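A short worksheet on the structure shown next.
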Amino acid sequence: MRKFLNVSLKFQWKTILIIFALIIIQTFFQMEIIDLFSAALTGVKEQNIDLLFKSGSYMLMYTVISVIAIYIISFLSTRVASNAAYTVREKIFHILMNLPSEELEQFKISGLVTRSTRGMS
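Shown next as C-alpha cells:
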C-alpha cells in the first residue's frame with residue numbers, strides 16, 4: 075500500500091498539504107461558530123441587540139468561510155483522486171503494452187487492456 079501511494083500520489087503532495095491546511099481552517103471556523111452561538115444566546119437572554127447582531131454577523135461570515143473551504147477541499151480532493159487514478163491507469167497501460175505477446179495470450183485480460191487503453195485515450 076505504501077508503494078502504491080508513493081507512486082500514485084508522488085507529484086500531488088503539495089495539493090494534499092493544502093487540503094490539510096484547509097481542513098484545519100474549516101474546523102477552526104466551525105468551532106468558533108459554536109462559541110458565537112453561545113454569545114448570541116447570551117444576547118437573547120440579556121436582550122442585548124448589539125451583541126446578538128455582532129454574534130450573528132460573525133457566525134454568518136464564519137459559515138461562508140467554512141462553506142468556501144469545504145468547496146475548495148472537495149475540488150482539490152477530487153482532483154487528487156482523479157490524478158492518482160490516471161497515474162495508476164498509465165502504469166498499467168505501459169506494463170500491458172510492454173508485455174510479450176506470448177504472455178498476453180496466456181491470460182484473458184482483454185477487459186483490462188480495454189479499460190486501461192480507454193483510460194489513456
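Under the numbering used here, the first residue of the sequence shown is numbered 75, with each subsequent residue one higher.
Each residue gets a CB set at the ideal place from its N, CA and C atoms; glycine is no exception.
No experiment lies behind these values; they were computed from the predicted model shown.
Other residues of its chain near residue i: CB distance less than 6 Å, five sequence neighbours each side excluded
i	result
residue 139	103
residue 152	none
Chain-order list of residues whose beta-carbon lies under 8 Å from that of residue i (same chain, five-residue window excluded)
i	result
residue 154	83, 86, 89, 90 and 93
residue 99	139 and 143
residue 111	129 and 133
residue 114	125, 126, 129, 130 and 133
Cut-off 7 Å between Cβ atoms - residues of its own chain near residue i, not counting five sequence neighbours on either side
i	result
residue 107	133, 136 and 137
residue 96	143, 146 and 147
Range of the contiguous alpha helix (DSSP H) that encloses residue i
i	result
residue 165	123-171
residue 120	Note, residue 120: premise wrong, no alpha helix (DSSP H); not H, not E.
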